[in-house]
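Trainee: Positions in the sequence shown are counted from 1; adding 8 to them yields the numbering used here. Glycine included, each C-beta is placed from N, C-alpha and C at the ideal position. The following block contains the structure, expressed as structure tokens.
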Amino acid sequence: HHGLQCGYCTPGMVMSAIELVEKNKGLTEQQIREGLEGNICRCTGYHNIVKSVQAAAEEMGG
9 HHGLQCGYCT
19 PGMVMSAIEL
29 VEKNKGLTEQ
39 QIREGLEGNI
49 CRCTGYHNIV
59 KSVQAAAEEM
69 GG
């Protein structure tokens, strides 16, 4: 899904996304955006990051 580019934000995004998906089912786009707040991405407009988290959540049964 081309969620991340340069790697600057990857650790924070991955850790936040895992916690978000593990603690919530049926996440909406807004919930994902709120759950990732505080993680700064220098490269993207967050759209592909949110799509990536949504896809991962579905694959993980959420």
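Rounded to the nearest angstrom, what separates residue 47 and residue 21 at their Cα positions?
Mentor: Computed Cα separation, rounded: 6 angstroms.
Trainee: Can you say whether residue 14 is buried or exposed, counting buried as having 16 or more other CB atoms within 10 angstroms of its CB?
Mentor: With fewer than 16 Cβ atoms within 10 Å of its Cβ, residue 14 is classed as exposed.
Trainee: Which of the three DSSP states, helix, strand or coil, is assigned to residue 35?
Mentor: In this structure, residue 35 counts as coil in the three-state DSSP scheme.
Trainee: With burial defined as no fewer than 16 other Cβ atoms inside 10 Å of the residue's Cβ, what is the status of residue 63: buried or exposed?
Mentor: Result: exposed.
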